[in-house]
Structure formats: structure tokens, C-alpha cells
Amino acid sequence: MRDSTEWKPTSYRSHTIGQVVELGESLLGSEVTISGYAETVRGRGAICFLLLRDGTGRIQAFLKRDNMDEDSFDSIQSASRESTVQVTGLVAQKRPPKVGEGEPVPLPEYEVNVSSGTILAEASTPLPIGVIDDVQVGLHVRLDNRHLDLRREHVNAMFQLRSRVLQYGRDHLISEGFQEINSPKIIAAAAEGGTNLFPIKYFETDAFLSQSPQLYKQLAILGGLERVFEIGPAFRAEKHDTYRHLNEFISFDIEGAWMDDEDVMGVQERMIHYIWSQVKVNDQHLMDKVNEYRESQGKGKITIEIPSLPFPRIPYCDAIEIVKGGGGEIDWGDDIESHHCDLIAAKFPGFHFIPKWPMAMKPFYIHHKEGEEGSSGGQLSRGFDLNYGRDEMTSGGAREHRVDVLESNLRNMGLDPDDFSFYTDGFRYGAPPHAGWGLGVARLLMVLTGAGNVREVVLFPRDRSRVTP
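First residue of the sequence shown: -12, per the numbering used here; consecutive thereafter.
Structural data, given as C-alpha cells:
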């Protein structure tokens, strides 16, 4: 239940249902007005039991024909499930069910004895997906009807958890001296190279949707903002169709001046530790809703285990040896793919960093140190990934702050430095060493809630086949 102190009266209700439940004893005999969805309507003739639900809880409303307008009574008694209803009445002790008469769900000990009520909007029948019924439908059907899917308790709880994760992450970054910025999402050139861009027409100019706030975070650092973060969207025209890829996603992104890769890995692990700690203290009731559903489906219960600090560091060269030792086929300079990560996760099942990737595998703006080479002689970067088990969560690293090296890196990638002059010019006037990362919010929620597909924790996901609703 959400904290009742956060809710104020509105034109449609004096209290939330959660407030009535929480403050029931002190409200006994008081008149309240509540609004919500008609979850069930039971009783015929002279009495009616209406189970009413809003985003804060559920309560029983008791209607008696003799106590209210007859037309209103009849319309509510015949209302379809999920219709929105407003009722006014006195808070009272709940009537126990008759012998042999079960209740659809456990209810609080208080109810509302209704004196007046109205249907605000009638729900069409049949419902395209069940809200309280255990009816199995595919994820695509749920997403087509997300407005109803969200009314399911465990789904609603996951999106409340998403909101809390964003709040806790923001709070922690601010506590470490980071300030929030907003970067443009309409850009003239790729932020990270490559062709995975969505082209758009911006008046008479060709432009693209931003892959990443990367370059603009760095320009903010060069301007003296010292430590910045953004929570915002990015767009990638990659043709992936997997349980963990989307073409539009939200990420935490940070950048810090006078910091290196190890420094910002520390920021990230402390932020995740803080998020998990706050969820465990404040939001167990939401996790309970998720777990109730999981258990009803025969799935394991999710326990909030606060990760220990520091997270393990497994340098790329060591990771390659772990994969080889586990029987995987991989050579130095190859990408570490999901089936390779399974072998690493067998030893490191939780959060772990994989730092010091080959420079050839990282974007042009990643820093490298002369003399740091891998087992095959290739140049090592100061780039890193964060994984949870087999899944990549983050990419980040120390940034190249020397303009001549930046331009050389661009040429080595087949890019024209002139196309990036808006970016590289900022490095000509004194650039502090700096570092940062980007962390996908949905992938973090997958870990927290045990969701099997990133689409479950994205409100209206966008992938290769979905642009509506």
C-alpha cells in the first residue's frame, strides 16, 4: 500500500481505499467518498456487496436498496466487472461472510455502508484479458491491452517498483554530488559510431534519434559541471529480437570529472547497493505481490538480497580464461557472448564487472593507457561492462580527453573527425580526465523482480514489431 500521507482529497474521493483500510478504526462512523474499479459485484434483490479496488488497495462496499436511491442501487448492482464506481457512505466493521460463503480475496476488517453512489464509466464485456482471473494469455496480448494488464496486482506492483528504483537511483546520485541534466534526442551524427540509427527529417536537415547521451554528458563535464547524470530515453535501430533488447529504452547515465573507470564503477555498485537496500526496507509489500503471483504460477520466490560491496572485478583477459576453462570456444579479441557469460556466471552468479576490454571493441571515446596490452598484444581499454549472471547491464569506462587521440580513434573507426567537430572542439581548451557509464533501467528491474522478459517491466515497449499502443 502506498503511504496514505501522500494522498490528498480530490473531486472524486475524500480518501483512497488504502487510507480507509489503514485508518479504519479512527474513521469508524465517518462519511467517506471513495472511487475505484468494480472487482466483483455479489448479491441480488435488496442488498449488494461491491468489492471496490483502486491503486492503493481494495475494500468491500455494502449497498442496501432501502438506504439509497433505487436507480443508483440497481445500476451498481448490475454493473459489469472493472466498471469505475464512486460511492459515499459510513465506515463500519465488515460483515463476516455467511457460513459456506467464501470471499474472492481476503478483505480488511472495515467496509463502507453506502448511502449514495454512481457508475462513472461502464466497462464493456467481455474483457479482452482477465484482471483477477487466472487466465493464461501471451505477452503480446497483454501488451496490446496494457491498460488492463496494469490492473493486475503483480503487474501494477512491478511498475510501482520501477518508480521507486528511479527515485532511489536519483537520490543516491545526488547524494554523491551529481546533478541532473537533459541532453537532446535529435542529433546530427552518431554518438557511438556504427549505423544503428533511426534517421528522421528535421525540417530541411537529415538528423537521427540519439543512441546515447554520451557525447553531451562529456560536453557538460568540459563546461565545468563536474558530475552529471541523466535518466532518459535512447534509440537504437538494432535488429535484435530477444528477451532483453528493445529499440527504445530508458537508462541511468552518469559522467564525472577527475574520475577514472574504477571510480565510476564504485559509484555504480554503491547506487545499486542503495537501491536494493531501500527496496528491502520500504517496498517489501510490492515484492510480496510479485511473489504471490510467481508462486501461483509455480515459480520461485524472489528474495531481496542486498549485494555485497565491492562487486567482483573480472578483467577481460581473465574472463576469456574462465570461458576456455569451462569448455567454451573463444579467442582473445572475441566478444563475450551470452553462452560464454553462462560459464562466467557459474562462478560469479550475481553482479560483477568485466573491465579492461580490448580497445578495438570499444567506442572511439574510450580511454586507453599506453603499455597496457592483452595476452595477444592488443591494446587494452579502460572500458568495462557490468553483468548480472549471464546478462549485460552496463557499459562504461574512462573517456579519452586528449583531442589528438580522439581524432585518431575516429579515423581508425572509419569516421570523419570533421563530422564530430561539435564534440571534439570542446576538448581543445583544456579537458579534465573523466569517466562514466549507462545502465538500463529495465534490465535492473528484471533482476529485481525476476521478470523473464524486458517487455514485462517496460510500460509500452518498442521493438521491431511493436509501435502501438
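We treat Cβ as the ideally placed atom computed from N, Cα and C, and that holds for glycine.
- What is the DSSP secondary structure of residue 218, reduced to helix, strand or coil? Position 231 of the sequence shown holds residue 218. Residue 218 falls in the strand class under three-state DSSP.
- Task: Starting from residue 432, trace the alpha helix (DSSP H) both ways and give me its first and last residue.
- Result: Here residue 432 refers to the residue found at position 445 of the sequence shown. Unbroken alpha helix (DSSP H) run through residue 432: 428 to 436.
- Item | N-terminal and C-terminal residue of the beta strand (DSSP E) that residue 28 is part of | The residue you call residue 28 lines up with position 41 of the sequence shown. Taken as a continuous stretch (DSSP letters only), the beta strand (DSSP E) holding residue 28 covers 18 to 29.
- 3 or more residues per run - each beta strand (DSSP E) lying fully within the stretch 92 to 127: 97 to 108
- In chain order, what residues of the same chain have a beta carbon less than 8 Å from the beta carbon of residue 109, not counting five sequence neighbours either side? As a position in the sequence shown, residue 109 is number 122, starting the count at 1. Correct list, in chain order: 66, 67 and 70.
- Residue range of the beta strand (DSSP E) that includes residue 380: Residue numbering aside, residue 380 sits at position 393 when the sequence shown is read from its first letter. It spans 378 to 386 - the beta strand (DSSP E) in which residue 380 sits, taken as one unbroken run.
- In three-state DSSP terms, what is residue 72? Along the sequence shown, one-based indexing puts residue 72 at 85. Strand.
- Can you list, in chain order, the residues of its chain whose CB lies under 6 Å from that of residue 280, leaving out five sequence neighbours each side? Numbered from 1 along the sequence shown, position 293 holds the residue referred to as residue 280. Taken in chain order, the residues that qualify are 141.
- Message: Using CA atoms only, rank isn't needed, just tell me which of 75, 289, 136 and 205 is closest to residue 170.
- Response: Position 183 of the sequence shown, counted from the start, is the residue given in the question as residue 170. Here the closest residue by C-alpha is 205.
- Query: How many Å lie between residue 407 and residue 176 at the Cα?
  - Reply: In the sequence shown, residue 407 corresponds to position 420, counting from 1. In the sequence shown, residue 176 corresponds to position 189, counting from 1. Whole-angstrom Cα-Cα distance: 7 Å.
- How many angstroms separate the CA atom of residue 113 from the CA atom of residue 268? For this step, residue 113 is matched to residue 126 along the sequence shown. For this step, residue 268 is matched to residue 281 along the sequence shown. Roughly 40 Å between the two C-alpha positions.
- Is the stretch 273 to 289 touching the stretch 191 to 200, taking contact as three or more C-beta pairs under 8 Å? no
- Report the three-state DSSP secondary structure of residue 263 (helix, strand or coil). Position 276 of the sequence shown, counted from the first residue, corresponds to residue 263. In this structure, residue 263 counts as helix in the three-state DSSP scheme.
- Cutoff 8 Å; reference residue 296; Cβ partners in own chain excluding five residues on either side: Here residue 296 refers to the residue found at position 309 when the sequence shown is read from its first residue. Cβ within range, chain order: 256, 257 and 260.
- Do residue 46 and residue 106 have their C-beta atoms within less than 7 Å of each other? Your numbering for residue 46 matches position 59 in the sequence shown. Your numbering for residue 106 matches position 119 in the sequence shown. No, Cβ-Cβ distance for residue 46 and residue 106 is not below 7 Å.
- Message: Between the stretch 398 to 416 and the stretch 227 to 245, can you find at least three pairs of beta-carbon atoms closer than 8 Å?
- Response: no
- How is residue 280 classed by DSSP in three states: helix, strand or coil? Start at 1 with the first residue of the sequence shown, and residue 280 comes out as number 293. Three-state DSSP puts residue 280 in a helix.
- Query: Among 17, 433, 19 and 40, which has the Cα closest to the Cα of residue 460?
  - Reply: Outside the shown range of the chain (-12 to 456) lies residue 460, about which nothing can therefore be said.
- Below 7 Å CB to CB, which residues in the same chain sit around residue 1 once its five sequence neighbours on both sides are set aside? Position 14 of the sequence shown, counted from the start, is the residue given in the question as residue 1. Contacts found: 19 and 20.
- Among the residues of its own chain, which have a CB less than 7 Å from the CB of residue 327, if the five just before and after it don't count? Taking the sequence shown and counting its residues from 1, one reaches residue 327 at position 340. Hits under 7 Å: 310, 315 and 317.
- Item | residue 451 versus residue 33: straight-line alpha-carbon distance, rounded | In the sequence shown, counting from the first residue as 1, residue 451 sits at position 464. In the sequence shown, counting from the first residue as 1, residue 33 sits at position 46. Cα to Cα, the separation comes out at about 54 Å.
- Kindly indicate which three-state DSSP category residue 369 falls into: helix, strand or coil? Residue numbering aside, residue 369 sits at position 382 when the sequence shown is read from its first letter. If DSSP states are grouped into helix, strand and coil, residue 369 belongs with coil.
- Item | Closest Cα partner of residue 385 within the set 191, 349 and 266 | Along the sequence shown, read from residue 1 onward, the residue named residue 385 stands at position 398. Considering only alpha carbons, the answer is 349.
- Query: Which one of 130, 72, 213 and 265 has the shortest CA to CA distance from residue 159?
  - Reply: Counting from one through the sequence shown, the residue named residue 159 turns up at place 172. That would be 265, whose Cα lies nearest to the Cα of residue 159.
- Task: Determine the direct distance from the alpha carbon of residue 186 to that of residue 456, and round the result to whole angstroms.
- Result: For this step, residue 456 is matched to residue 469 along the sequence shown. For this step, residue 186 is matched to residue 199 along the sequence shown. Cα to Cα, the separation comes out at about 22 Å.
- Take the Cβ of residue 274 as the centre, count every other Cβ of all protein chains shown within 10 Å, and call the residue buried at 16 or more, exposed below. Within the sequence shown, the letter at position 287 stands for residue 274. Buried is the call here.
- Message: Tell me which residues share the same chain as residue 445 and place their Cβ nearer than 6 Å to its Cβ, disregarding the 5 neighbours each side in the sequence.
- Response: Walking along the sequence shown from the start, residue 445 turns up at place 458. 429, listed in sequence order.
- Exposed or buried, residue 448, counting other C-beta atoms within 10 Å across all chains shown (16 or more means buried)? Start at 1 with the first residue of the sequence shown, and residue 448 comes out as number 461. Result: buried.
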